[in-house]
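Visitor: For the sequence shown, the UniProt record's numbering begins at 1 and goes up steadily by one.
Idealized CB from N, CA, C, for every residue including glycine.
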Amino acid sequence: MVKDVGCTHIFTEKRRYWGARGKCRSMDGDLAAPNNIADLQSYIQKYRTDNDVSQNSLLDNIWVGIRKNKTSLKWNWESGRKVESSEWLKRGGDGDDEPNGSGNCARLTGSTYYVAEISCQTEYAFMCVITPA
Numbered sequence: 001m002v003k004d005v006g007c008t009h010i011f012t013e014k015r016r017y018w019g020a021r022g023k024c025r026s027m028d029g030d031l032a033a034p035n036n037i038a039d040l041q042s043y044i045q046k047y048r049t050d051n052d053v054s055q056n057s058l059l060d061n062i063w064v065g066i067r068k069n070k071t072s073l074k075w076n077w078e079s080g081r082k083v084e085s086s087e088w089l090k091r092g093g094d095g096d097d098e099p100n101g102s103g104n105c106a107r108l109t110g111s112t113y114y115v116a117e118i119s120c121q122t123e124y125a126f127m128c129v130i131t132p133a
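In structure tokens:
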């Protein structure tokens, strides 16, 4: 469980953003959208350790509830919270920092699980949160 979020489940099957969100919603949940990204990062790292999941696996990119508003062009978590600049992946000298204009959806990526944008049509594993009634 991610702190202050609810019951959390990682699906390793790959889906596009809207397919992943639909799966979460079919279980009365949504893609993960925490108040603190560090809670998600810790949860995924613990999941990897507990399940002996190696680096360079299906979990190197995970859909969470982040997308760009088509009207305002601002990035928000599905909960409505703005994506903070500290949550975006910083590549330093290795390439463009995020967001870099490459898509309208975002995932957690790499070994540190910071936010990076990409096309919503890309297929990734995903994380759902079911909020207790």
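Residues in its own chain within less than 7 Å of residue 149 by CB, not counting five upstream and five downstream?
Guide: The shown model of the chain, from 1 to 133, leaves out residue 149, and the question about it has no answer.
Visitor: Could you spell out the range, first to last residue, of the beta strand (DSSP E) harbouring TRP77?
Guide: Walking along the sequence shown from the start, residue 77 turns up at place 77. First-last of the beta strand (DSSP E) with TRP77: 75–77.
Visitor: Could you name the residues that DSSP lists as bridge partners for ARG16?
Guide: On the sequence shown, position 16 is the one that residue 16 refers to. BP columns for ARG16 are empty, so no partner.
Visitor: Where does ASP96 land, buried or exposed, given buried means 16+ other C-beta within 10 angstroms?
Guide: Stepping through the sequence shown from its first residue, residue 96 is reached at position 96. It counts as exposed.
Visitor: Pair every Cβ in the segment 22–31 with every Cβ in the segment 40–47, then say whether three or more of these pairs are closer than 8 Å.
Guide: No: fewer than three Cβ pairs fall under 8 Å.
Visitor: My understanding is that ASN36 touches THR109, with C-beta atoms under 8 Å, so please give their C-beta distance in whole angstroms.
Guide: Counting from one through the sequence shown, the residue named residue 36 turns up at place 36. Counting from one through the sequence shown, the residue named residue 109 turns up at place 109. The Cβ separation is near 18 Å, so there is no contact.
Visitor: Quick check on DSSP: helix, strand or coil for ALA38?
Guide: What you label residue 38 is simply residue 38 of the sequence shown in a count that begins at 1. Correct three-state label for ALA38: helix.
Visitor: Alpha carbons only, please: which of ARG107, SER57, ARG48 and LEU89 is nearest the one belonging to ARG21?
Guide: Here residue 21 refers to the residue found at position 21 of the sequence shown. Per the Cα distances, ARG107.
Visitor: Given TYR17, which residues of its chain have a CB within under 6 Å of its CB, disregarding the five upstream and five downstream residues?
Guide: Taking the sequence shown and counting its residues from 1, one reaches residue 17 at position 17. So the qualifying residues of the chain are TRP63, CYS105 and CYS120.
Visitor: Using 10 angstroms around the beta-carbon of ALA38, count the other beta-carbons present and answer buried if the total reaches 16, otherwise exposed.
Guide: As a working mapping, residue 38 is identified with position 38 in the sequence shown. Counting Cβ neighbours within 10 Å, ALA38 comes out exposed, since fewer than 16 surround it.
Visitor: Do ARG15 and GLU123 have their C-beta atoms closer together than 7 Å?
Guide: What you label residue 15 is simply residue 15 of the sequence shown in a count that begins at 1. What you label residue 123 is simply residue 123 of the sequence shown in a count that begins at 1. A contact, by the Cβ cut-off of 7 Å.
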